[in-house]
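Enquirer: Under this note's numbering, the sequence shown has 1478 at position 25, and the numbering climbs by one with no breaks.
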Amino acid sequence: MRLKNKVAIITGGAKGFGAAMVRLFVAQGAKVILADIDSENGQAIAAELGENCLFMRCDHCDKANNELVVKTAVDTWGGIDILINNAGIGWTGDFIDADDEVLQRLMTINLTGQWNLTQAALPELRKSAKNNANGTALLFTSSGLGLYGVTKSSAYTVSKHAVIGLMRSLAAELGPENIRVNAICPGIADTNLARSTTAWGDVDQVLSKLAENTPLRKLAEPIDIANAALFLASDEGRMVHCVALRVDGGAHT
């Protein structure tokens, strides 16, 4: 088991990429706090996985919620070895239609929430890093659109570029403390999030066309992103630091 006895917090773990991460991490021996605002799916996954997965309803934009999640991880399992800031939302539309409310909502959920939870968890990550030669892991889920830009995604793209900036800054700051900081940049996958935010036409046709235009001729699946997270969070990734790892089949190569 690649994560035996590691304690992880995974936000946005009730569906999509996050749910795949939660299931894979528990299967690899981790004890996982599944933090999400989606109580129905979150509780179902926790019940499915048993004693090594604890669901907590959490709005990660709320500092008190974040502090409670961290406290629960420490009280239940003694500390935190891995933090995955995965929760986020999407948006598509013309730039002219992205008013202040749209931009603020995306920045609050996609950036400020990750910022706040990282601040809350950092003291525990530091403690764990001192006792582990291979360090602790701090991961952010950004996006391919954290590295490049496409039409009809201006506000979302700005928020995901900001996540990459935060990751790189923290990598420089926390690396000397044995805390590995990286980001995963998924391409478009056939998830509920993608289907709910695609504004380019018929969803199935759009996803099919995107797959055709990818060098590998297929879209990522949630397990692909979970496998990337597993590598970065495990001791196998002990020398991988300040990386924005694309999991996109070569899109925009």
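The C-beta atom is built at its ideal place from N, Cα and C for all residues, glycine as well. Treat the numbers as computed from the prediction; the structure is a model and nothing was measured.
(1) Using three-state DSSP, classify Ile-1533 as helix, strand or coil.
(2) In the structure shown, what three-state DSSP assignment does Lys-1468 receive?
(3) What is the DSSP secondary structure of Asp-1489, counted as helix, strand or coil?
(4) Ile-1617: which of Val-1555, Leu-1698, Met-1474 sits nearest, CA to CA?
(5) Do Asn-1635 and Val-1555 have their beta-carbon atoms positioned less than 8 Å apart in this structure?
(6) Taking the straight line between their C-alpha atoms, what separation do you get for Ala-1467 and Asp-1491?
(7) Pull up the distance between the alpha-carbon of Ala-1625 and that of Gly-1566, whole angstroms please.
(8) For Pro-1668 versus Thr-1706, is the C-beta distance shorter than 8 Å?
(9) Where does Thr-1604 sit, in a helix, a strand or coil, going by DSSP?
(10) Need the endpoints of the alpha helix (DSSP H) that Arg-1579 sits in, please.
(11) Please state whether the Cβ-Cβ distance between Pro-1675 and Gly-1541 is less than 8 Å.
(12) Across the segment 1472-1479 and the segment 1543-1551, are there enough close Cβ pairs to call them in contact, namely three or more that are closer than 8 Å?
(13) Since Ile-1535 and Ser-1595 are thought to touch, with beta carbons under 8 Å apart, how far apart are those beta carbons, to the nearest angstrom?
(14) Going by CA-CA distance only, name the one from Phe-1684, Glu-1520, Lys-1583 that's closest to Arg-1510.
(15) Can you tell me whether Pro-1639 is buried or exposed? The criterion is at least 16 other CB atoms within 10 Å of its CB, across all chains shown.
(16) Taking the alpha-carbon of Asp-1489 as reference, which of Asn-1538, Thr-1529, Lys-1457, Lys-1524 has the nearest alpha-carbon?
(17) Buried or exposed for Asn-1569, please, with buried defined as at least 16 other CB atoms from any protein chain shown within 10 angstroms of its CB.
(18) So, are the CB atoms of Ser-1581 and Gly-1532 less than 8 Å apart?
Expert: Taking the geometry as given:
(1) Correct three-state label for Ile-1533: coil.
(2) Of the three classes helix, strand and coil, the one that applies to Lys-1468 here is coil, per DSSP.
(3) Strand.
(4) The option with the nearest alpha carbon to Ile-1617 is Leu-1698.
(5) Taking 8 Å as the Cβ cut-off, Val-1555 and Asn-1635 do not qualify as a contacting pair.
(6) Those two C-alpha atoms are separated by around 6 Å.
(7) Here the alpha carbon of Ala-1625 sits roughly 21 Å from the alpha carbon of Gly-1566.
(8) Yes, they are a contact pair.
(9) Here DSSP, grouped into helix, strand and coil, assigns Thr-1604 to coil.
(10) It spans 1566-1583 - the alpha helix (DSSP H) in which Arg-1579 sits, taken as one unbroken run.
(11) Taking 8 Å as the Cβ cut-off, Pro-1675 and Gly-1541 do not qualify as a contacting pair.
(12) No contact exists between the segment 1472-1479 and the segment 1543-1551.
(13) No, Ile-1535 and Ser-1595 are not in contact; Cβ-Cβ is about 17 Å, not under 8 Å.
(14) Out of Phe-1684, Glu-1520, Lys-1583, the CA that lies nearest to the CA of Arg-1510 is found in Glu-1520.
(15) Buried, since its Cβ has 16 or more Cβ neighbours within 10 Å.
(16) Comparing alpha-carbon positions, the option among Asn-1538, Thr-1529, Lys-1457, Lys-1524 lying closest to Asp-1489 turns out to be Asn-1538.
(17) Buried is the call here.
(18) Contact: yes.
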